[in-house]
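Colleague: Residue numbering for the sequence shown follows the working numbering, starting at 5 and increasing by one per position.
What follows is a structure written as structure tokens; I'll ask about it next.
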Amino acid sequence: MSDTTMHDAGSKSVSRRRFIAGTSSVLGAMALFGHATSAQAKAVSTAAPVSSGTHVPVLVIGTGYGGSVAALRLAQAGVDVHMIEMGMAWDTPGPDGKIFANTTQPDNRSYWLRTKTKQPLSNFLGFPIDKAVSRYTGILDAEEFGGITVYQGRGVGGGSLVNGGMAVTPKRENFGAILPSVNADEMYNIYYPRANAGLGVNTIDPAWFETAECYQYARVGRKQAQRSGFPFVFVPTVYDWDYMKQEAAGTVPRSALDGEILYGNNYGKKSLAKTYIAQIKATGKVTISPLHKVTSVAPAAGGGYTVVIDQIDTNGDTTATKSVTADKVFFAAGSVGTSKLLVTLKATGALPRLNDEIGKGWGDNGNVMCGRANHLWDQTGRVQASIPTGGIDNWANGGAFAEVAPLPTGIETYASFYLTITKNPNRAEFSWNAATSKVDLSWQTSWKQPSIDAAKTIFDKINKAEGTIYRTDLFGTYKIWGDHLTYHPLGGAVLNKATDNYGRLHGYSGLYVIDGSLIPGNTSVNPFVTITALAERNIEEIIAADL
Ligand code: FAE
């Protein structure tokens, strides 16, 4: 990287001292982002997988938020459920004694069937940081479409395995725009509280926040936001805060304080495995088949549905193809997984009566990332908790809600980093491509411009007030905006359009959608609490009326 890189980054030039401090960190960064570790995990499932020819009352495709809510409530109502999950069980430690790999040392466990990492922050101080890993059914899928890379969790627990654990209920005044056909009173009185309880949502002890070294970055973010007149809000999470306090005290193995996030969290985060899925297992009514991928659902001759499932090995190769009949099928494969299945099944004649709303209404929750370069006196800290706990709320005025996010590199980066959720009106459509036999997504990279404009309502103002500039070295050379990706895919089988107002697919009795594909593209905040609450609402109605 050259001095010019930073000089070109904005109206104010970077001080020479800051540049030197930055370059002296390169060695540290290169060591951190060095070669893949030798720990090559061999996590295997201990669950007994589904057998071909089995008949099940209910089959659930996917084990993320929507699928876990459906399976738990059905099991509690006395129904036997089988869950099918294309990813691994993530219940067995690798040779390094840990189930999940560290963010700074990706290995084969980190990526879904890739031979090179595809890190959301692709560069550091101008240097590319992606590296070779061996192909494996790892935990994070960076699924590439024409105009966007969609990050998703793979394994039992879905996105809960890889996400930041920010558990945010949207402001009530925004709900009408998020899910217009849903009764807000019911959601805020019954289903949001039920989801928050089921997920174990809690907030940081504000007194501890003020002193914790690992939240220096968030306090800097707050100070700068407030100096520009923006409200800074604490964000609830699903992290065990008592555990994090012990991490900071050095009395337990570190997890959030060791930078664990994107490739799984070994200790303190309450992923679905510790909440809904633990409850599911306790019912004794649910079986889970990891490393099984649903490829087809079609009406069966004697009633119900024939579900075709590929069993795969950790190289992603099919080792068996199974056929199971189910009276009812819940699509909970996530916004992308469910949309791809439904679009394929409609186009190829397996489910031709699905309506024309299938595949439509997809959005990226307005995700856009950026970093700001701080002055030397505003250090953000060498140890940064990987769980964000605060945000800058400019939704009402600028259509932007910015998480003050960590850059857990283990070194002082002199950077503030943000994932901003914005009011982006663009919506894309999934469609079947007969030439490639794949599903395409019509999203264009240029459709992120409204998100960049919204994010700038916050960060241009902060930069002006602080006399600081944007970082240009995190997403490529001279690139300010992380506008090529999303963590929050939503839509593709929108509630009350592709389905009725409770997720029953139009055209077929006994087929349901119960995941993020029901939500039309934006939730104004991080989405998993809304996905969980909507699933709680819908499954209650379905159990009462259909079973
Ligand atoms: P999801 O959790 O994706 O589960 C779908 C499951 O279905 C997955 O386990 C798939 O492997 C599986 N599957 C897909 N296709 C098939 C098939 N054909 N056969 C069998 N199985 C299949 O769906 N949200 C927040 O609210 N707060 C955060 O802090 C946050 N941070 C995030 C950070 C990252 C890096 C990422 C990737 C996401 C983050 N999210 C966050 C988003 C959140 O995890 C996501 O909205 C939910 O996980 C979506 O829940 P679903 O139930 O729709």
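In this text, a Cβ means the ideal position worked out from N, Cα and C, and glycines have one as well.
Hey, could you find the ends of the beta strand (DSSP E) Lys-442 is sitting in?
Modeller: Sequence index remark: in the sequence shown, residue 442 carries index 438 (1-based). Looking at the DSSP string, the run of the beta strand (DSSP E) that includes Lys-442 is 442-445.
Colleague: Taking contact to mean 3 or more Cβ pairs, one atom from each stretch, closer than 8 Å, check whether the region 102-121 and the region 482-491 are in contact.
Modeller: Contact fails: fewer than three Cβ-Cβ distances are below 8 Å.
Colleague: Compute the minimum distance between the beta carbon of Arg-158 and the heavy atoms of the ligand FAE, and state whether it is under 7 Å.
Modeller: Working through the sequence shown from its first residue, we reach residue 158 at position 154. At least one heavy atom of the ligand FAE sits closer than 7 Å to the Cβ of Arg-158.
Colleague: Here's a check: name, in chain order, each residue in its chain whose Cβ is nearer than 8 Å to the Cβ of Val-137, leaving out the five neighbours to either side.
Modeller: For this step, residue 137 is matched to residue 133 along the sequence shown. Only Ala-40, Pro-110, Asp-111, Asn-112, Ser-114, Tyr-115, Arg-118, Thr-119, Lys-120 and Thr-121 meet the Cβ criterion.
Colleague: Is DSSP giving Asp-134 helix, strand or coil here?
Modeller: In the sequence shown, the residue the question calls residue 134 occupies position 130. In the structure shown, Asp-134 sits in coil (DSSP, three-state: anything other than H, G, I, E or B).
Colleague: Spatial neighbours of Glu-89 within its chain, please: CB distance less than 6 Å, with the 5 preceding and 5 following residues excluded, ordered by chain position.
Modeller: Here residue 89 refers to the residue found at position 85 of the sequence shown. Only Thr-67, Val-160 and Pro-294 meet the Cβ criterion.
Colleague: Does the beta-carbon of Lys-460 have 16 or more other beta-carbons within 10 angstroms, so that it is buried, or is it exposed?
Modeller: Stepping through the sequence shown from its first residue, residue 460 is reached at position 456. When all chains shown are included, Lys-460 counts as buried.
Colleague: Taking the continuous alpha helix (DSSP H) assigned at Glu-433, which residues delimit it?
Modeller: Numbered from 1 along the sequence shown, position 429 holds the residue referred to as residue 433. Run containing Glu-433: none; DSSP gives neither H nor E here.
Colleague: Let me know if Ala-93 comes out buried or exposed under the rule of 16 or more other beta-carbons within 10 Å of its beta-carbon.
Modeller: Here residue 93 corresponds to residue number 89 of the sequence shown, with the count starting at 1. Buried is the call here.
Colleague: Would you call the CB atoms of Glu-264 and Thr-107 closer than 8 Å?
Modeller: In the sequence shown, residue 264 corresponds to position 260, counting from 1. In the sequence shown, residue 107 corresponds to position 103, counting from 1. Result yes, Cβ atoms of Glu-264 and Thr-107 sit closer than 8 Å.
Colleague: What do you reckon, are the CB atoms on Ala-377 and Tyr-418 nearer than 8 Å?
Modeller: The residue labelled residue 377 in the question sits at position 373 within the sequence shown. The residue labelled residue 418 in the question sits at position 414 within the sequence shown. Contact flag set, yes.
Colleague: Our contact map puts Pro-174 next to Asp-397 with C-beta atoms below 8 Å; I'd like the distance itself, whole angstroms only.
Modeller: As a position in the sequence shown, residue 174 is number 170, starting the count at 1. As a position in the sequence shown, residue 397 is number 393, starting the count at 1. Rounded to whole angstroms, the Cβ separation of Pro-174 and Asp-397 is 11 Å, and the two are not in contact under 8 Å.
Colleague: Report the residue from Asp-321, Val-311, Gly-365 and Gly-233 whose alpha carbon sits nearest the alpha carbon of Ala-354.
Modeller: Within the sequence shown, the letter at position 350 stands for residue 354. Comparing Cα positions, the closest option is Val-311.
Colleague: Count Cβ pairs between the region 507-526 and the region 360-379 that sit closer than 8 Å; are there 3 or more?
Modeller: yes
Colleague: Contact defined as beta carbons within less than 8 Å: I believe Gly-338 pairs with Gly-163. What is the distance between those atoms, to the nearest angstrom?
Modeller: Counting from 1 along the sequence shown, the entry for residue 338 is found at position 334. Counting from 1 along the sequence shown, the entry for residue 163 is found at position 159. Taking a contact as a CB-CB distance under 8 Å, the pair Gly-338 and Gly-163 counts as one, their CB atoms being some 7 Å apart.
Colleague: Find the nearest neighbour of Met-87 within the set Asn-401, Glu-407, Ile-462 and Phe-335, judged by alpha-carbon distance.
Modeller: Translated into the one-based positions of the sequence shown, residue 87 becomes position 83. Nearest option by C-alpha distance: Phe-335.
Colleague: So Pro-412 and Pro-392 are in contact, right, with Cβ under 8 Å, and what is the actual spacing, rounded?
Modeller: Taking the sequence shown and counting its residues from 1, the one referred to as residue 412 is at position 408. Taking the sequence shown and counting its residues from 1, the one referred to as residue 392 is at position 388. With 8 Å as the limit, Pro-412 and Pro-392 do not qualify as a contact, their Cβ atoms being about 11 Å apart.
Colleague: Whole-angstrom Cβ separation of Thr-384 and Ala-406, contact assumed at under 8 Å?
Modeller: Here residue 384 refers to the residue found at position 380 of the sequence shown. Here residue 406 refers to the residue found at position 402 of the sequence shown. Their Cβ separation, rounded to whole angstroms, is 15 Å, which puts Thr-384 and Ala-406 out of contact at 8 Å.
Colleague: Can you tell me which of the three DSSP states Glu-148 falls into?
Modeller: As a first step, residue 148 is located in the sequence shown; it is residue number 144 there, counting from the start. If DSSP states are grouped into helix, strand and coil, Glu-148 belongs with the strands.
Colleague: Pick from Leu-494, Ala-549, Ile-543 and Pro-493: whose alpha carbon is nearest that of Arg-198?
Modeller: Counting from one through the sequence shown, the residue named residue 198 turns up at place 194. Among Leu-494, Ala-549, Ile-543 and Pro-493, the Cα nearest to that of Arg-198 belongs to Ile-543.
Colleague: Tell me whether Leu-266 counts as near the ligand FAE, meaning its Cβ is closer than 7 Å to at least one heavy atom of that ligand.
Modeller: By one-based count along the sequence shown, residue 266 stands at place 262. Yes - the ligand FAE has a heavy atom lying nearer than 7 Å to the Cβ of Leu-266.
Colleague: With C-beta atoms as the reference, is Ile-71 less than 8 Å away from Asp-519?
Modeller: For the purposes of this step, residue 71 is identified with residue 67 of the sequence shown, where counting begins at 1. For the purposes of this step, residue 519 is identified with residue 515 of the sequence shown, where counting begins at 1. It is worth fixing the name first, because residue 71 is Gly in this sequence and not Ile. Yes, they are a contact pair.
Colleague: Could you round the C-beta distance between Val-224 and Ala-171 to whole angstroms and report it? I think they count as a contact, below 8 Å.
Modeller: The count along the sequence shown starts at 1 and reaches residue 224 at position 220. The count along the sequence shown starts at 1 and reaches residue 171 at position 167. No, Val-224 and Ala-171 are not in contact; Cβ-Cβ is about 23 Å, not under 8 Å.
Colleague: In angstroms with no decimal places, state the Cα-to-Cα distance between Gly-375 and Tyr-474.
Modeller: Locating residue 375 in the sequence shown gives position 371, where the first residue counts as 1. Locating residue 474 in the sequence shown gives position 470, where the first residue counts as 1. Their Cα atoms are separated by approximately 6 Å.
Colleague: I'd like the span of the alpha helix (DSSP H) that includes Val-239, first residue to last.
Modeller: As a position in the sequence shown, residue 239 is number 235, starting the count at 1. Careful: Val-239 lies outside any alpha helix (DSSP H) and carries neither H nor E.
Colleague: Please report the residue range of the alpha helix (DSSP H) in which Lys-344 lies.
Modeller: Taking the first residue of the sequence shown as position 1, residue 344 is located at position 340. Its alpha helix (DSSP H) spans residues 338-351.
Colleague: Verify whether the separation of the beta carbon atoms of Pro-154 and Val-372 is less than 8 Å.
Modeller: Locating residue 154 in the sequence shown gives position 150, where the first residue counts as 1. Locating residue 372 in the sequence shown gives position 368, where the first residue counts as 1. Residue identity differs from the one stated: residue 154 is Val in this sequence, not Pro. The answer is no: Cβ separation not under 8 Å.
Colleague: In whole angstroms, what is the alpha-carbon distance linking Ile-208 and Pro-240?
Modeller: Position 204 of the sequence shown holds residue 208. Position 236 of the sequence shown holds residue 240. Near 7 Å, if we compare the C-alpha coordinates of Pro-240 and Ile-208.
Colleague: Using a beta-carbon distance below 8 Å, is Ser-513 in contact with chain D?
Modeller: The structure shown has no chain D; it contains just one protein chain.
Colleague: Quick one: is the Cβ of Ala-548 within less than 7 Å of any heavy atom of the ligand FAE?
Modeller: Mapped onto the sequence shown, residue 548 falls at position 544. No, the Cβ of Ala-548 stays beyond 7 Å of every heavy atom of the ligand FAE.
Colleague: Taking three-plus beta-carbon pairs below 8 Å as touching, is the region 427-435 in contact with the region 464-472?
Modeller: The count of Cβ pairs closer than 8 Å, one atom from the region 427-435 and one from the region 464-472, stays below three, leaving the stretches out of contact.
Colleague: Going by the DSSP bridge assignment, what does Leu-489 pair with across the sheet?
Modeller: Position 485 of the sequence shown, counting from 1, holds the residue named residue 489. Bridge partners of Leu-489: Thr-153.
Colleague: Contact between the region 263-278 and the region 180-191: three or more CB pairs below 8 Å?
Modeller: Counting Cβ pairs under 8 Å, fewer than three are found: no touch.
Colleague: Let me know the secondary structure DSSP gives Gly-288 once reduced to three states.
Modeller: To locate residue 288, count along the sequence shown from 1; it is residue 284. When DSSP states are grouped into helix, strand and coil, Gly-288 belongs to the coil group.
Colleague: Are the CB atoms of Leu-499 and Ser-275 within a distance shorter than 8 Å?
Modeller: Working through the sequence shown from its first residue, we reach residue 275 at position 271. Working through the sequence shown from its first residue, we reach residue 499 at position 495. No, these two residues do not count as a Cβ contact at 8 Å.
Colleague: May I ask you to list the residues that DSSP assigns as paired with Met-90?
Modeller: For the purposes of this step, residue 90 is taken as the residue at position 86 of the sequence shown. Met-90 is not bridged to any residue.
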